[in-house]
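Please read the structure below before turning to the comments.
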Amino acid sequence: MIDTGTKPNGEEYMAYNRRRWGGDGWTYSMRDMGRADGANFSNWTWWPNTFHAHRLSLYAADNGKEDEVMNILFRYLYEEGKNISDINVLAEAGTECGLPDTLTVLKSTKYKAEVTALDQKAKVDGVDGVPFFSIYTPGNKARARLSSGAQPSSYFLQQFKQLLM
Numbered sequence: 004m005i006d007t008g009t010k011p012n013g014e015e016y017m018a019y020n021r022r023r024w025g026g027d028g029w030t031y032s033m034r035d036m037g038r039a040d041g042a043n044f045s046n047w048t049w050w051p052n053t054f055h056a057h058r059l060s061l062y063a064a065d066n067g068k069e070d071e072v073m074n075i076l077f078r079y080l081y082e083e084g085k086n087i088s089d090i091n092v093l094a095e096a097g098t099e100c101g102l103p104d105t106l107t108v109l110k111s112t113k114y115k116a117e118v119t120a121l122d123q124k125a126k127v128d129g130v131d132g133v134p135f136f137s138i139y140t141p142g143n144k145a146r147a148r149l150s151s152g153a154q155p156s157s158y159f160l161q162q163f164k165q166l167l168m
């Protein structure tokens, strides 16, 4: 999850950034890189608590729709200003991609234990931000290159080249 300390219903974007980092200056380079790829972050108004969004992601994966639902959630959060902490908004995303009974699933305990376990494992593995990348060659995780946060494509090319040397 992005930040387990985020309020259960999410937080207003600038209020969260002021509380956590003193402002949102850390997002400027990410926004610039995103614009180059068509991710404009034009209406990012919420900092979500992503617990239920992760549950929706697992439900979508079980139904072969994980990529579709993730694209919808990114659009909702960054372009449409929707609060993806809200299970009703998440149910709307599920309906949009054809997932049956999304609200019923999110009102239940389904996937709660799995999300909690995945979050704990990620912390043990050193994941401390999103996105997080572990780049390694098959059979050689000891030389893994770990990276947190948005990176330009040139960064990945450099990492691949170093791993293949």
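Per my numbering, the sequence shown starts with residue 4, numbered consecutively.
C-beta: ideal position from N, C-alpha, C; glycine also.
Quick caveat: nothing in here was measured; it's all calculated off a predicted structure.
Residue state for S137 is assigned as strand, using DSSP reduced to three classes. Taken atom to atom, the span from the alpha-carbon of L106 to that of L61 is near 14 Å. Membership of N143 in any alpha helix (DSSP H) is not indicated; the residue belongs instead to the beta strand (DSSP E) covering N143 to S151. Judged by DSSP in its simplified three-state form, E82 adopts helix. DSSP, read as helix, strand or coil, puts W29 in helix.
Per the DSSP secondary-structure output, W24 pairs with nothing in a beta bridge. In the DSSP assignment, W49 is bridged to E15. For D65, the enclosing alpha helix (DSSP H) begins and ends at F54 to D65. Counting other Cβ atoms within 10 Å of its Cβ, Y81 reaches 16 or more and is therefore classed as buried.
Residue range I90 to E99 is occupied by the alpha helix (DSSP H) that includes N91. Comparing C-alpha distances from I138 to each of D131, A147 and V130 shows the shortest one belongs to A147.
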